[in-house]
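Q: Going line by line, the protein sequences match chains A and B. Each residue of the first sequence is one higher than the one before, counting from 1 in this note's numbering. Each residue of the second sequence is one higher than the one before, counting from 1001 in this note's numbering.
Number of protein chains: 2
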Amino acid sequence: MDQEVAIVLVSGGMDSCVTAAIAAQSYCLAFLHVNYGQRTEARELEAFNRIADHYRVEQRLVVSIEHLKAIGGSALTDKSIPVPEHNALPASSMQSPIPSTYVPFRNAHLLSIAVSWAEVIDARKIFIGAVEEDSSGYPDCREVFYEAFNRVIETGTKPETRIEIVTPLIHLTKPAIVRKGVELQAPLKLTWSCYQGSEKACGRCESCLLRLKGFREAGVPDPIPYES
Amino acid sequence: MDQEVAIVLVSGGMDSCVTAAIAAQSYCLAFLHVNYGQRTEARELEAFNRIADHYRVEQRLVVSIEHLKAIGGSALTDKSIPVPEHNALPASSMQSPIPSTYVPFRNAHLLSIAVSWAEVIDARKIFIGAVEEDSSGYPDCREVFYEAFNRVIETGTKPETRIEIVTPLIHLTKPAIVRKGVELQAPLKLTWSCYQGSEKACGRCESCLLRLKGFREAGVPDPIPYES
């Protein structure tokens, strides 16, 4: 019998790569990549395709949702808002702890695209590498959000469809994700996490700092090159 | 004090026009139109702008999500699937009663865009003219779907945001919607509902049949021109 199809949301970063490695244990993979106007898109798409080649993924969908850039509100898509450095942990203040790199409600867009595609290609699972603890306080990276979204899928798709979002990393720390990736031989050297984007990762942005901290605490060298 | 802002999802059809008329009673309006690759887009956008002009709406956002067309699966976006005629009511069979004009999970995409925009422009309400009874069985037109989506908004946006989806037509019949539109002086003559799309409405597609039935049962003439 053919394996069931699972869609994996693959940004090209480490978390999505480890998520793909987990999904590959039980499913035939279909990869979805969403360009939402982020600064480092070209580099992320390159990482997506390299990871897809590694897993010999045939069904690939690359979707562009430029409207998130038009709507604005985030340092990741709006060049007038600077990307913060040295800001790996949310500030504890009375202000909102949401960093300026938060793209408003972004993951709802990604999931909606994944669900529409799942209905058409008859995939039963949608894997997303969201991480609750290390997510810098992004509200749409929390388990409650995904539980609520599963209810939206139940109520908003054809009655015969059974599509479920799976978040295998949601309660893992970054070092645990690194260890899981190493254990499953995920191609971490092909991934890209940096928010700035050039030939090498900057090593200073929020995303690089979280990644480097994860490798350090896991006691594993990060296989990608960094500036300086 | 300034009026609170409400985003209204305006397709250009009758239901969204009446929804705008309801929202206009209490809110400053912002109009959102989403092009998802449907066949009649140019005509719908024209209707959107005419209705927006009527209500003197300054904040307008027109967003294109061509990926629903790329994903396919619906007669509305895929030219290889014919638009059914004389199919105003779901067939009662053991098969799925979902018609071929269903665009998989479409309303989740529309709502996600509306919520992202609401976070940026500080709108508190999102009005959508979904109708449960007359919706031909589209699963994402039912109240349970919107209730579930409100929970996704609660969990997936910044803690200080208070955004809520409002569905004032959800339990109305088409004739009740027509009567409500007439009562509120909604510009029904500016609307467009036909799934085919040419100079005049076809009068035969599912959407035209529902609309014509609504006007007939309300005892009000439909102010738009039809073919033949």
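All residues carry an ideal CB built from backbone N, CA and C; glycine is no exception. Note that the coordinates shown come from a computational prediction; the quantities given were computed from them, not determined experimentally.
1. Give the interface partners of Asn1035 of chain B over in chain A, defined as CB-CB distance under 7 Å, in chain order.
2. Does the beta carbon of Arg1060 of chain B sit closer than 8 Å to a beta carbon anywhere in chain A?
3. Thinking C-beta only, is Leu1029 of chain B closer than 8 Å to Val1062 of chain B?
4. With DSSP run on the structure shown, which of helix, strand or coil describes Ile163 of chain A?
5. Shorter than 8 Å from the beta carbon of Lys1069 of chain B to some beta carbon of chain A?
6. Sorted by chain position, which residues of the same chain lie with C-beta nearer than 6 Å to Ser1064 of chain B's C-beta, five sequence neighbours on each side aside?
7. Beta-carbon of Glu183 of chain A versus every beta-carbon of chain B: anything under 8 Å?
8. Hey, would you say Gly1129 of chain B sits closer than 8 Å to Leu1169 of chain B, going by beta carbons?
9. Inspect the beta-carbon positions of Val5 of chain A and Tyr27 of chain A and report whether they are closer than 8 Å.
10. Starting from His54 of chain A, trace the alpha helix (DSSP H) in both directions and tell me its first and last residue.
11. Does the count of Cβ pairs from the region 1014-1024 of chain B and the region 1178-1190 of chain B closer than 8 Å reach three?
12. Is the beta carbon of Leu210 of chain A less than 8 Å from the beta carbon of Lys174 of chain A?
13. Closest Cβ-Cβ distance between Lys1125 of chain B and chain A: below 8 Å?
14. When you compare the CB of Thr155 of chain A with every CB in chain B, is at least one pair closer than 8 Å?
15. Can you give the Cα-Cα distance for Pro221 of chain A and Val182 of chain A, rounded to whole angstroms?
16. Classify Ser228 of chain A as buried or exposed, calling it buried when 16 or more other Cβ atoms lie within 10 Å of its own Cβ.
17. Rounded to a whole number of angstroms, what is the C-alpha to C-alpha distance between Ile977 of chain B and Ile1022 of chain B?
18. Could you tell me the alpha carbon to alpha carbon distance between Tyr229 of chain A and Ala1114 of chain B, rounded to whole angstroms?
19. Tell me which residue opens and which closes the alpha helix (DSSP H) that Lys1180 of chain B is part of.
20. Quick check on the DSSP output: the beta strand (DSSP E) that includes Lys125 of chain A runs from which residue to which?
21. Between Pro159 of chain A and Thr1157 of chain B, is the Cβ-Cβ spacing less than 8 Å?
22. Can you tell which of A:Ser116, A:Val131, A:Cys141, A:Ile224 has the C-alpha that lies nearest to the C-alpha of Glu199 of chain A?
23. Between which two residues does the beta strand (DSSP E) containing Cys1017 of chain B stretch?
24. Measure the alpha-carbon distance for Gly13 of chain A versus Ser193 of chain A and round it to whole angstroms.
25. When Cβ atoms are compared, which residues of the region 1142-1153 of chain B fall closer than 7 Å to chain A?
26. Pull up the distance between the alpha-carbon of Ala47 of chain A and that of Thr40 of chain A, whole angstroms please.
27. Nearest-angstrom Cα distance between Arg1142 of chain B and Asn1150 of chain B?
28. Indicate whether Arg1060 of chain B and Leu1190 of chain B have their beta-carbon atoms separated by less than 8 Å.
A: Result, derived from the coordinates:
1. Along the second sequence, one-based indexing puts residue 1035 of chain B at 35. Within 7 Å Cβ-Cβ: nothing; Asn1035 of chain B doesn't reach chain A, min ~10 Å.
2. As a first step, residue 1060 of chain B must be located in the second sequence, where it is residue number 60. By this cut-off, Arg1060 of chain B is not an interface position.
3. Walking along the second sequence from the start, residue 1062 of chain B turns up at place 62. Walking along the second sequence from the start, residue 1029 of chain B turns up at place 29. No. Outside cutoff.
4. Looking up residue 163 of chain A in the first sequence gives position 163. In this structure, Ile163 of chain A counts as coil in the three-state DSSP scheme.
5. What you label residue 1069 of chain B is simply residue 69 of the second sequence in a count that begins at 1. No, no contact with chain A.
6. Here residue 1064 of chain B refers to the residue found at position 64 of the second sequence. So the list reads Asn1035, once near-sequence residues are dropped.
7. As a working note, residue 183 of chain A is residue 183 in the first sequence. For Glu183 of chain A, the answer is no, since every Cβ of chain B falls outside 8 Å of its Cβ.
8. As a first step, residue 1129 of chain B must be located in the second sequence, where it is residue number 129. As a first step, residue 1169 of chain B must be located in the second sequence, where it is residue number 169. Against a cut-off of 8 Å, the Cβ pair of Leu1169 of chain B and Gly1129 of chain B comes out as a contact.
9. Position 5 of the first sequence, counting from 1, holds the residue named residue 5 of chain A. Position 27 of the first sequence, counting from 1, holds the residue named residue 27 of chain A. Yes; because the gap between Cβ atoms is below 8 Å, this pair is in contact.
10. The count along the first sequence starts at 1 and reaches residue 54 of chain A at position 54. Unbroken alpha helix (DSSP H) run through His54 of chain A: 41-54.
11. yes
12. Translated into the one-based positions of the first sequence, residue 210 of chain A becomes position 210. Translated into the one-based positions of the first sequence, residue 174 of chain A becomes position 174. Their beta carbons are under 8 Å apart, which means Leu210 of chain A touches Lys174 of chain A by this criterion.
13. Sequence index remark: in the second sequence, residue 1125 of chain B carries index 125 (1-based). Not closer than 8 Å to any Cβ of chain A, the Cβ of Lys1125 of chain B fails to qualify, so no.
14. Walking along the first sequence from the start, residue 155 of chain A turns up at place 155. Closer than 8 Å: yes.
15. Stepping through the first sequence from its first residue, residue 221 of chain A is reached at position 221. Stepping through the first sequence from its first residue, residue 182 of chain A is reached at position 182. Their backbone Cα atoms lie some 11 Å apart in a straight line.
16. Your numbering for residue 228 of chain A matches position 228 in the first sequence. Exposed, by the Cβ-count rule.
17. Since the displayed chain B opens at 1001 and closes at 1228, residue 977 of chain B lies outside it and no answer follows.
18. This structure leaves residue 229 of chain A out entirely; chain A is present only between 1 and 228.
19. Residue 1180 of chain B sits at position 180 when you count from the first residue of the second sequence. 1174-1183 is the extent of the alpha helix (DSSP H) around Lys1180 of chain B.
20. Counting from one through the first sequence, the residue named residue 125 of chain A turns up at place 125. Per DSSP, Lys125 of chain A belongs to the beta strand (DSSP E) from 125-127.
21. What you label residue 159 of chain A is simply residue 159 of the first sequence in a count that begins at 1. What you label residue 1157 of chain B is simply residue 157 of the second sequence in a count that begins at 1. Contact flag unset, no.
22. Start at 1 with the first residue of the first sequence, and residue 199 of chain A comes out as number 199. When only C-alpha atoms are compared, the closest one is A:Ile224.
23. Taking the second sequence and counting its residues from 1, one reaches residue 1017 of chain B at position 17. It is not in any beta strand (DSSP E) - Cys1017 of chain B instead sits in the alpha helix (DSSP H) that spans 1014-1024.
24. Looking up residue 13 of chain A in the first sequence gives position 13. Looking up residue 193 of chain A in the first sequence gives position 193. Rounded to the nearest angstrom, the two C-alpha atoms are 5 Å apart.
25. Arg1142, Val1144, Phe1145, Ala1148, Phe1149, Arg1151, Val1152
26. Residue numbering aside, residue 47 of chain A sits at position 47 when the first sequence is read from its first letter. Residue numbering aside, residue 40 of chain A sits at position 40 when the first sequence is read from its first letter. Each residue's Cα considered, the two are about 11 Å apart.
27. Taking the second sequence and counting its residues from 1, one reaches residue 1142 of chain B at position 142. Taking the second sequence and counting its residues from 1, one reaches residue 1150 of chain B at position 150. Roughly 13 Å between the two C-alpha positions.
28. Reading the second sequence from its first residue, position 60 is the one you call residue 1060 of chain B. Reading the second sequence from its first residue, position 190 is the one you call residue 1190 of chain B. Not in contact: Arg1060 of chain B and Leu1190 of chain B (Cβ atoms no closer than 8 Å).
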